[in-house]
Amino acid sequence: MSFYDEIGGESTIAAIARGFYARVAADPVLLPLYPERDLAPAQRRLELFLAQYWGGPTTYSEERGHPRLRMRHMPYVITPEVRDHWLSCMLGAIDDAELDTQHHADFVDYVTRAADAMINARG
Ligand code: HEM
C-alpha cells in the first residue's frame, strides 16, 4: 500500500488541493501571484502532483513532464513571507483532511521542506 492509498487516495488528495485553493482565493498576498483568474486548472495540477508524489497515479508527469518545481516557480517572487502564506493555506487544508497522526506529520514535513525550497527572493 502506498502512502496515497493509506490516506484514502484520490478523494483525500482532491480535498486537500480543493481546501488549499479555497484558501488561496481568500489570501490577498497569494492570489495576485496566480496568473490565471480561474484557479481550477492550477488546483488540478497540484492535485495530480501530490497524488504522484505520494505514490498514486503518474498522470502529472504524463501531462506536465518532470515536475522541476523549483524551476517552475522561478517566475513568481517567493519571499519567506509568501512561503508562510502558502504554508498556512496548505496546513489548513491538511488539517481539514483529518489524517492520522503519523500521516499528518509526514505530509506536513514534506510540504514544509518543499515550501522552504521554493523560496527564491529575500523578504
Ligand atoms: C512556497 C510558496 C509557493 C508559492 C507562492 C507557489 C505559487 C505557485 C504559483 C503562482 C503557481 C502557478 C499556478 C499554476 O499555473 O499551476 C504554482 C504552481 C504549482 N505549484 Fe506552487 N507555490 C509554492 C510552493 C509550492 C510547493 C511547496 C509545491 C509542492 C509541494 C507546489 C506545487 C505546485 C505545482 C505542482 C504547480 C503546478 C506546476 C505545473 O505543472 O505547471 N508549489 N505555484
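Mind the numbering: the sequence shown is residues 729 to 851 in the working numbering, read in order. The beta carbon of each residue, even a glycine, is placed where N, CA and C say it ideally should be.
Sequence-distant partners of residue 845 (beyond 5 residues in either direction) whose C-beta falls short of 7 Å from its own C-beta, in its chain, are 798. Residue 761 carries a helical assignment under DSSP once its states are collapsed to helix, strand and coil. When 742, 851, 818 and 739 are compared, the shortest CA-CA separation from residue 837 is found for 818.
Note that the C-beta distance between residue 784 and residue 730 is below 8 Å.
A check of alpha carbon separations from residue 801 across 847, 825 and 826 identifies 847 as the nearest. In chain order, 822 and 827 place their CB closer than 7 Å to the CB of residue 835, counting only its own chain and leaving out the 5 sequence neighbours on each side.
Restricting attention to alpha helix (DSSP H) runs no shorter than 4 residues, the region 733–794 encloses them at 737–753, 768–781 and 787–792, ordered along the chain.
Taking C-alpha positions only, residue 794 is separated from residue 849 by approximately 24 Å.
Residue 743 has its alpha-carbon roughly 13 Å from the corresponding atom of residue 732. When the beta-carbon positions are compared, residue 767 and residue 779 stay at least 8 Å from each other. Straight through space, the alpha carbons of residue 787 and residue 761 are spaced by roughly 25 Å.
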